[in-house]
Amino acid sequence: MAKLFSLLILVSFAISVYGNDPYQGGGTHHVEPPKPSVPKIPMVHPPKAAPAPHKHAHPVHPPKVAPAPHKPVHPIHPPKAAPAPHKPAQPPTKAHTKTLVEVQGYIACKACIHAGVNNLANATAIKGAYVKLVCLCSKPTTVVKAVTDKNGYFHIKAPKTITSDVVGKCKVSLVSSPNKKCNKASNLHFGIVGSPLKAEKQFKDHSGNLVTLYTVGPFAYEPKCPK
Numbered sequence: 001m002a003k004l005f006s007l008l009i010l011v012s013f014a015i016s017v018y019g020n021d022p023y024q025g026g027g028t029h030h031v032e033p034p035k036p037s038v039p040k041i042p043m044v045h046p047p048k049a050a051p052a053p054h055k056h057a058h059p060v061h062p063p064k065v066a067p068a069p070h071k072p073v074h075p076i077h078p079p080k081a082a083p084a085p086h087k088p089a090q091p092p093t094k095a096h097t098k099t100l101v102e103v104q105g106y107i108a109c110k111a112c113i114h115a116g117v118n119n120l121a122n123a124t125a126i127k128g129a130y131v132k133l134v135c136l137c138s139k140p141t142t143v144v145k146a147v148t149d150k151n152g153y154f155h156i157k158a159p160k161t162i163t164s165d166v167v168g169k170c171k172v173s174l175v176s177s178p179n180k181k182c183n184k185a186s187n188l189h190f191g192i193v194g195s196p197l198k199a200e201k202q203f204k205d206h207s208g209n210l211v212t213l214y215t216v217g218p219f220a221y222e223p224k225c226p227k
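Okay, so the sequence shown: first residue is 1 according to our numbering, each after it adds one.
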């Protein structure tokens, strides 16, 4: 019963709303059928391209060359000369000190195979030959003679007025030979014109005087040889 009552109520409500059959065009009200709703389609925009990344223009600089390592500049000084070796003090008598003068030399007779030639090979000593020392450093001229011994050597002691500071004006030359077969003077080592003196050594005599010994020659005579 209750179900029937509910059905009637639904029919009455339908009649009140729609009247006659809605599909026959009757009724006081025209009710349009509902239009199907059209879903709105949102506009689709193509995706915007991502902007290119902004590049900042930077000036390109060439690579910097590393600076050369700093070298300290030191002034260059010339090498110092090595100090002169220390010389022991010399006795004052050897430096520009006047000394007495003595002269030595030798006289020989040439061998026949060297007659006229400046060669004393195979020569023989002349005993008793004279020589002279002539010094032009004073007036009158100083002349001192000497004679050879059996070995042909001679030795001259100059007077004390003749000292080492004036020997540059002194010469020694041949005077004579006692050998009749060998008495022609030769100019070997200036035996005829006079030979300058050459200092040999210094020594002290028996009295303690400093003496300079000079050397001349050797001198020679030419032999008389058979033809």
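No residue lacks a Cβ here, since even glycine has one placed at the ideal position from N, Cα and C.
All values derive from a computational prediction rather than experimental measurement.
Touch check for the stretch 173-188 and the stretch 113-130: three-plus C-beta pairs under 8 Å?
Touching, per the Cβ criterion.
Out of curiosity, what's the CA-to-CA distance linking GLY116 and VAL216?
What you label residue 116 is simply residue 116 of the sequence shown in a count that begins at 1. What you label residue 216 is simply residue 216 of the sequence shown in a count that begins at 1. Answer to the nearest angstrom: the Cα atoms are 20 Å apart.
According to DSSP, is CYS112 helix, strand or coil?
Counting from one through the sequence shown, the residue named residue 112 turns up at place 112. For CYS112, the three-state secondary structure derived from DSSP is helix.
If you count every other CB in all the chains shown that lies within 10 Å of the CB of ILE113, and 16 or more means buried, which is it?
Counting from one through the sequence shown, the residue named residue 113 turns up at place 113. Here ILE113 is exposed, its C-beta having fewer than 16 other C-beta atoms within 10 Å.
Beta-carbon proximity of THR141 to VAL134, cut-off 8 Å
Numbered from its first residue, the sequence shown carries residue 141 at position 141. Numbered from its first residue, the sequence shown carries residue 134 at position 134. In this structure, the beta-carbon distance from THR141 to VAL134 falls below 8 Å.
Based on Cα-Cα distance, which residue from GLU222, LYS224, ASP205 lies nearest to THR99?
The sequence position of residue 99 within the sequence shown is 99, counting from 1. Relative to the Cα of THR99, the nearest Cα in the group GLU222, LYS224, ASP205 belongs to ASP205.
Length of the line joining the Cα atoms of CYS109 and SER186
Counting from one through the sequence shown, the residue named residue 109 turns up at place 109. Counting from one through the sequence shown, the residue named residue 186 turns up at place 186. Approximately 9 Å, taken between the alpha carbons.
Helix, strand or coil at GLN24 [DSSP, three-state]:
Start at 1 with the first residue of the sequence shown, and residue 24 comes out as number 24. For GLN24, the pLDDT reaches just 45, beneath the cut-off of 50, and the residue's location in the model is therefore unreliable, leaving the point undetermined.
What are the uninterrupted segments assigned as alpha helix (DSSP H) that are 4 or more residues long and contained completely in the stretch 173-197, given in chain order?
Secondary structure in the stretch 173-197: no alpha helix (DSSP H) run of 4 residues or longer lies completely within the stretch.
One question on the structure: do LEU174 and GLY191 come within less than 8 Å of each other, judged by their Cβ atoms?
Taking the first residue of the sequence shown as position 1, residue 174 is located at position 174. Taking the first residue of the sequence shown as position 1, residue 191 is located at position 191. Yes, the Cβ-Cβ distance between LEU174 and GLY191 is below 8 Å.
Buried or exposed: which applies to GLU239, given that a residue is buried once 16 or more other Cβ atoms fall within 10 Å of its Cβ?
Outside the shown range of the chain (1 to 227) lies residue 239, about which nothing can therefore be said.
Residue nearest to ASN119 in terms of C-alpha spacing, selected from LYS224, LYS227, PRO226, PRO218
Your numbering for residue 119 matches position 119 in the sequence shown. The option with the nearest alpha carbon to ASN119 is PRO218.
Comparing C-alpha positions only, which one of SER207, ALA121, ALA111, LYS198 sits nearest to SER164?
Sequence index remark: in the sequence shown, residue 164 carries index 164 (1-based). In terms of Cα proximity to SER164, the closest of SER207, ALA121, ALA111, LYS198 is LYS198.
3 or more residues per run - each beta strand (DSSP E) lying fully within the stretch 128-165
Every unbroken stretch of the beta strand (DSSP E) spanning 3 or more residues and falling wholly within the stretch 128-165 is given here in chain order: 130-135, 142-147, 153-157.
For a quick check, are the C-beta atoms of VAL144 and LYS132 less than 8 Å apart?
Here residue 144 is taken as the residue at index 144 of the sequence shown, counted from 1. Here residue 132 is taken as the residue at index 132 of the sequence shown, counted from 1. In this structure, LYS132 lies closer than 8 Å to VAL144 by Cβ.
For a test of the three-state rule: what should DSSP assign to LYS98, helix, strand or coil?
Along the sequence shown, one-based indexing puts residue 98 at 98. If DSSP states are grouped into helix, strand and coil, LYS98 belongs with coil.
Hey, CYS182 and PRO226 are a contact pair by Cβ (cut 8 Å); roughly how many whole angstroms apart?
As a working mapping, residue 182 is identified with position 182 in the sequence shown. As a working mapping, residue 226 is identified with position 226 in the sequence shown. In fact, because the Cβ distance is near 13 Å, the residues do not count as touching under 8 Å.
How about GLU102 and VAL172: do their beta carbons lie closer than 8 Å?
Stepping through the sequence shown from its first residue, residue 102 is reached at position 102. Stepping through the sequence shown from its first residue, residue 172 is reached at position 172. Contact flag unset, no.
Helix, strand or coil for VAL103 per DSSP?
For this step, residue 103 is matched to residue 103 along the sequence shown. Strand.
Kindly indicate which residue of ASN151, ALA146, GLY168, VAL147 has the alpha-carbon position closest to the one of SER138.
As a position in the sequence shown, residue 138 is number 138, starting the count at 1. Ranking the options by Cα distance to SER138, first place goes to GLY168.
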